[in-house]
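Enquirer: Input: one structure, supplied below.
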Amino acid sequence: MGSGPLVEARKTATARAHSNIAFVKYWGNRDHSLRLPANSSISMNLSALHTTTIVDWNRRLGEDLLTINGKAAGEGTLRRVREHLDVLRRRFGMDAFASVASRNNFPMGTGIASSASAFAALTVAAAAAARFELTEREMSALARLGSGSAARSVPAGYVEWLAGSSHETSFAEAFAPPQHWDLVDVIAIVSREHKHVGSSAGHMTAASSALQPARVASARARIDAVKQSIMRRDFDRFASIVEEDSNLMHAVMMTSRPPLLYWEPLSLMIMKAVRRWRQQEGIAVCYTLDAGPNVHCICLASDAGAVSGRLLALSEGIEVMQSGVGAGAGVMPPA
Ligand code: PMV
């Protein structure tokens, strides 16, 4: 008999992807089922925050299985991952179910999003296990179908996700490598509570805000300006647009029906302090917030210690995590 049929019965690979933080945000879709975003967005990958995922396509399974950090996943998460595996099965011509084991190196329940790194790692591992070769562009587009921001976790470093107008034209690509500019994200964790309204549900309500058309119409100008400020390493210009874009997205959230109020009192306290540190003390730092109350303080690496120390001194309710610019998603050697 030999080992042929056994080898064919199971196809396994491991991949790692990093989380990312957007400087010009994605909020709202023009097509919800394809996750075609209302506007293009830009981000940097976060080297310190990653998900490592093993996919095992296994003909002996009767259904897809998923563990996260060693525990069986909850029903909602399992359903979402199975839907993504269905998409991948169709694309790869795969007829087996998969056993998926995913681990985040950052603590769960910190309010730090894991869907970007999770769906990027899942897509890359699933393709590698199926021995299916994809361009980075198509890998990014496929990851997007699991979670929009996952498209941006596929390429390395500083990335733009081009909104596009179809599945094939909506993907992310790098515009500068990680070493281009030594930015650090000092994340101020102000609440460990799970989000009441996650981003998938939030994207559905974006169009109900009277401010969303103005945010979308002006996004291209902010992207061009932020990209240029990154290319020129012009922190002051970068800072003013990144903060404006975060404020704009939260203005849309706050004026949607129903309104989404993600900020906590500590979030606002930090935003004001960050502006003070920049304007009065000359520290190169600015803030941006995703769909939650935690504040991402983006700074030059040389200022990261000062920012972290000041955040911890502001309140006992603040915890801090720190990350530099990360690599793209990739296959790992078997453990
Ligand atoms: O990819 P999602 O559905 O988790 O959406 C991400 C939305 C924000 O984090 C709020 C903004 C962004 O561009 O990352």
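For what it's worth, my numbering labels the leading residue of the sequence shown as 17, then goes sequentially. Each residue gets a CB set at the ideal place from its N, CA and C atoms; glycine is no exception. Just so it is clear, the structure is predicted and the values come from calculations on it, not from any experiment.
Classify S182: buried if its beta carbon has 16 or more other beta carbons within 10 angstroms, exposed otherwise.
Expert: Exposed is the call here.
Enquirer: How far does the beta strand (DSSP E) with L81 in it reach, from first residue to last?
Expert: 81-84
Enquirer: Between V71, F108, S131, which lies nearest to S163 when the distance is taken from Cα to Cα?
Expert: With distances taken between Cα atoms, S163 lies closest to S131.
Enquirer: Identify, in the order they occur along the chain, each residue of the same chain with its Cβ nearer than 8 Å to the Cβ of L77, setting aside the five sequence neighbours on each side.
Expert: A112, F113, A114, S115
Enquirer: What residue from A145, S118, S63, A54 has the CA that sits closest to A88's CA?
Expert: S118
Enquirer: Give me the Cα-Cα distance between N55 and R46, rounded to the nearest whole angstrom.
Expert: 9 Å
Enquirer: If we ignore side chains and look at the alpha-carbon of each, how far apart do G90 and E79 end up?
Expert: 15 Å
Enquirer: Less than 8 Å between the beta carbons of A317 and A144, yes or no?
Expert: no
Enquirer: Please determine whether the Cβ atom of S131 lies at a distance below 7 Å from any heavy atom of the ligand PMV.
Expert: Under cutoff, so the answer is yes.
Enquirer: Give me the Cα-Cα distance between T93 and A134, rounded to the nearest whole angstrom.
Expert: 11 Å
Enquirer: According to the neighbour-count rule (16 or more other Cβ atoms, all chains shown, within 10 Å of its Cβ), is A230 buried or exposed?
Expert: exposed
Enquirer: When you measure from the CB of K243 to every non-hydrogen atom of the ligand PMV, does any distance come out below 7 Å?
Expert: no
Enquirer: Can you tell me whether DSSP reads A33 as helix, strand or coil?
Expert: strand
Enquirer: Mind checking which residues open and close the alpha helix (DSSP H) that includes S165?
Expert: Taken as a continuous stretch (DSSP letters only), S165 belongs to no alpha helix (DSSP H), as it is neither H nor E.
Enquirer: For the candidate residues M220, W73, I239, C313, whose alpha-carbon lies nearest to that of I203?
Expert: The residue with the shortest Cα to Cα distance from I203 is C313.
Enquirer: Please report the residue range of the beta strand (DSSP E) in which E176 lies.
Expert: 174-178
Enquirer: Who are Y303's beta bridge partners in DSSP?
Expert: C313
Enquirer: Is it the case that the CB of G164 approaches a heavy atom of the ligand PMV more closely than 7 Å?
Expert: yes
Enquirer: Please classify G346: does DSSP put it in a helix, a strand, or coil?
Expert: When DSSP states are grouped into helix, strand and coil, G346 belongs to the strand group.
Enquirer: Which value, in whole angstroms, describes the spacing of the CA atoms of S57 and V290?
Expert: 23 Å
Enquirer: Take every Cβ of the stretch 268-280, pair it with every Cβ of the stretch 210-221, and state whether three or more of those distances are shorter than 8 Å.
Expert: yes
Enquirer: What does DSSP give as the partner residue(s) for Q338 in the beta ladder?
Expert: V202
Enquirer: Within the stretch 44-83, note down every full beta strand (DSSP E) run reaching 3 residues or more, in order along the chain.
Expert: Listed in chain order, they are 45-47, 57-74.
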